[in-house]
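Mapped onto my numbering, the consecutive letters of the sequence shown carry residue numbers 481 to 798. Ideal placement from N, C-alpha and C gives every residue a C-beta, glycine not left out.
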Amino acid sequence: MSEEKIKDLEKQFEKRIERDEKIEPKDWMPEKYRQTHIRQMSQHAHSEIVGMLPEGNWITRAPSLRRKVALLAKVQDEAGHGLYLYSATETLGISRDEMIDQLHTGKAKYSSIFNYPTITWADIGAIGWLVDGAAIINQVALCGASFGPYARAMVRICKEESFHQRQGYEIMLTLSKGTPEQIAMAQDALNRWWWPSLMMFGPRDDESPNTAQSMKWKLKRKSNDELRQQFVDQTVPQAELIGLTVPDPELKWNDEKEHYDFGPIDWEEFWQVVKGHGPCNKERMTARKSAWKEGEWVRDAAMAYAEKQKTKNLNKAS
Ligand code: FAQ
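The structure is reproduced here in structure tokens:
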């Protein structure tokens, strides 16, 4: 294709973005737009799948049948989210196997938050309340993303995340009305999950290499810092309502700006976790790699069955 033709297509593409039109898989798009979406969407998919591990740890130890059923449903939802997102990413011309390979070789990332351990039952409450709470804030903005399959997947995912957030907050509410030990357990979980939850939104805007272009393409509708601030403002009153203390001595309502000012985030810790040196990075990757290996016969059987059905249908048609 001539350079002139590409420039023309790029101009038309920018205009479509300006008009808030959805870009669909078969539409022309700049190669960088395609690559950026593959990067973010596949990392999002990996996060959902790796994100099942910390909670899966508690399915056998949930304190009642009701809690166990809710947790099982939630973890299954995360698997579903991963699958929609892998499928949506495949529409951009990358195969599932390639994406999984990128995860296993460390080329693709997954959310830093899932590299922390779930030590007590209260951690399941904290994950639902804080991690899903943060995920909703990030993903509601993504419902307006310019790439159609991503935006549509987000609409459904957000509905399910709302249930997840409520089940987590309800666990924390119950613990906060319990014995002194249960209250201490809830507070301890908040202490350990608060800062990693703020890190989920990514580096500060002035240190985020992808934000500017992603905002122009309307992949991101709000910046990392804007979303983080929204999360703090929404979550602090929820903590107060159940009598828990956010572990930040510098947290203070700012009347002028009408938001909470909060203390500095430990970015050194964030980058260490992103680079693979968090408390559970190795454990998570080992679990994913062995699940992929052990599931090989299931994938092979499904492919062989699909092939058999195809031949059968072809024979029927002829
Ligand atoms: N962890 O330039 P930016 C969930 C990387 S789903 C690890 O700001 P961008 C549901 C980033 O990839 C949670 N790496 O990047 C659930 C980039 O590296 P790269 C996942 C991070 O993409 C709940 C570099 O740093 N949600 O929780 C992180 O513009 C409970 C520079 O950063 C999504 O994935 C991080 N936290 O903004 C499941 C939402 N932050 O790729 C189970 C979709 C940044 O150039 C249980 N993603 N990095 O090598 C997004 O909105 C964006 O990708 C951001 C990062 C906001 C995460």
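Next on the checklist: If the criterion is Cβ atoms closer than 9 angstroms, does the pair phenylalanine 742 and valine 712 meet it?
Outcome noted: Mapped onto the sequence shown, residue 742 falls at position 262. Mapped onto the sequence shown, residue 712 falls at position 232. For phenylalanine 742 and valine 712, yes; Cβs fall inside 9 angstroms.
Next on the checklist: Using a 10 Å radius around the Cβ and a threshold of 16 neighbouring Cβ atoms, would you call tyrosine 785 buried or exposed?
Outcome noted: Position 305 of the sequence shown, counted from the first residue, corresponds to residue 785. Exposed, because fewer than 16 other Cβ atoms sit within 10 Å of the Cβ of tyrosine 785.
Next on the checklist: Quick check on tryptophan 733: does DSSP put it in helix, strand or coil?
Outcome noted: The residue labelled residue 733 in the question sits at position 253 within the sequence shown. Collapsing the DSSP output to three states places tryptophan 733 in a strand.
Checklist entry - At a cut of 8 angstroms, does the region 699-716 reach the region 731-748 through at least three beta carbon pairs? => result Yes, since at least three Cβ pairs between the region 699-716 and the region 731-748 fall closer than 8 angstroms, the two stretches touch.
Next on the checklist: Just to confirm, is the Cβ distance from glutamine 662 to serine 656 under 9 angstroms?
Outcome noted: Your numbering for residue 662 matches position 182 in the sequence shown. Your numbering for residue 656 matches position 176 in the sequence shown. Going by C-beta atoms, glutamine 662 is nearer than 9 angstroms to serine 656.
Checklist entry - With which residues is tyrosine 740 paired in a DSSP beta bridge? => result If you number the sequence shown from 1, residue 740 lands on position 260. Answer is Trp733.
Item to check | Residue closest to glycine 658, alpha-carbon to alpha-carbon, out of Asn690, Leu724, Gly682 | outcome: Reading the sequence shown from its first residue, position 178 is the one you call residue 658. Of all alpha-carbon atoms in Asn690, Leu724, Gly682, the one lying nearest the alpha-carbon of glycine 658 is that of Leu724.
Next on the checklist: Rounded to the nearest angstrom, what separates glutamate 787 and lysine 796 at their Cα positions?
Outcome noted: Locating residue 787 in the sequence shown gives position 307, where the first residue counts as 1. Locating residue 796 in the sequence shown gives position 316, where the first residue counts as 1. Spanning the two alpha carbons is a distance of roughly 14 angstroms.
Checklist entry - Starting from phenylalanine 750 and walking both ways along the alpha helix (DSSP H), at which residues does that stretch end? => result Position 270 of the sequence shown holds residue 750. Looking at the DSSP string, the run of the alpha helix (DSSP H) that includes phenylalanine 750 is 747-752.
Next on the checklist: Can you list, in chain order, the residues of its chain with a C-beta nearer than 6 angstroms to that of asparagine 537? Leave out the 5 residues immediately preceding and following it.
Outcome noted: Position 57 of the sequence shown holds residue 537. Short of 6 angstroms from the beta carbon of asparagine 537, and not among the five residues preceding or following it, lie these beta carbons of its own chain, in chain order: Thr598.
Next on the checklist: Here's the rule: buried if 16 or more other CB atoms are within 10 angstroms of the residue's CB, otherwise exposed. What is lysine 700?
Outcome noted: Position 220 of the sequence shown, counted from the first residue, corresponds to residue 700. Classification of lysine 700: buried, given that the 10 Å Cβ count is 16 or more.
Next on the checklist: Cutting at 6 angstroms between CB atoms, please list the residues of its own chain near alanine 692, excluding the five before and the five after it.
Outcome noted: Within the sequence shown, numbered from 1, the residue matching residue 692 stands at position 212. None.
Checklist entry - Heavy atom of ligand 1 less than 8 angstroms from the Cβ of threonine 691, yes or no? => result The residue labelled residue 691 in the question sits at position 211 within the sequence shown. A heavy atom of ligand 1 is found nearer than 8 angstroms to the CB of threonine 691.
Checklist entry - Hey, is glutamine 515 close to ligand 1, as in C-beta under 8 angstroms from one of its heavy atoms? => result Here residue 515 refers to the residue found at position 35 when the sequence shown is read from its first residue. Taking the Cβ of glutamine 515 as the reference point, every heavy atom of ligand 1 lies at 8 angstroms or farther away.
Item to check | Closest residue to leucine 583 among Pro717, Ile637, Thr571, Met521 (Cα-Cα distance) | outcome: Taking the sequence shown and counting its residues from 1, the one referred to as residue 583 is at position 103. The residue with the shortest Cα to Cα distance from leucine 583 is Met521.
Checklist entry - Got a sec: does ligand 1 put a non-hydrogen atom nearer than 8 angstroms to the Cβ of asparagine 704? => result Position 224 of the sequence shown, counted from the start, is the residue given in the question as residue 704. Checking every heavy atom of ligand 1 against the Cβ of asparagine 704, one is found closer than 8 angstroms.
Item to check | Residue nearest to glutamate 528 in terms of C-alpha spacing, selected from Ile637, Met695, Arg672 | outcome: To locate residue 528, count along the sequence shown from 1; it is residue 48. Ranked by how close their Cα comes to the Cα of glutamate 528, the residues Ile637, Met695, Arg672 have Ile637 in first place.
Checklist entry - Ordered along the chain, which non-local residues of its own chain (more than five positions away) have a Cβ less than 8 angstroms from that of proline 543? => result Numbered from 1 along the sequence shown, position 63 holds the residue referred to as residue 543. Closer than 8 angstroms at the Cβ level, and outside the excluded window around proline 543, lie Trp601.
Checklist entry - Assuming valine 555 contacts methionine 579 under a Cβ cut-off of 8 angstroms, what Cβ separation, rounded to an integer in Å, is found between them? => result The residue given as residue 555 occupies position 75 in the sequence shown. The residue given as residue 579 occupies position 99 in the sequence shown. Contact doesn't hold; Cβ gap of about 21 angstroms is too wide.
Next on the checklist: Please state the DSSP three-state secondary structure of phenylalanine 711.
Outcome noted: For this step, residue 711 is matched to residue 231 along the sequence shown. Three-state DSSP puts phenylalanine 711 in a helix.
Checklist entry - Can the beta-carbon of tryptophan 609 be found closer than 9 angstroms to that of isoleucine 651? => result By 1-based counting over the sequence shown, the position of residue 609 is 129. By 1-based counting over the sequence shown, the position of residue 651 is 171. The answer is yes: Cβ separation under 9 angstroms.
Checklist entry - Given glutamine 523, which residues of its chain have a CB within under 7 angstroms of its CB, disregarding the five upstream and five downstream residues? => result Here residue 523 refers to the residue found at position 43 of the sequence shown. Cβ within range, chain order: Ala588, Lys589, Tyr590.
Checklist entry - Where arginine 672 and arginine 768 are concerned, what is the direct C-alpha to C-alpha distance, given to the nearest angstrom? => result The count along the sequence shown starts at 1 and reaches residue 672 at position 192. The count along the sequence shown starts at 1 and reaches residue 768 at position 288. Their backbone Cα atoms lie some 24 angstroms apart in a straight line.
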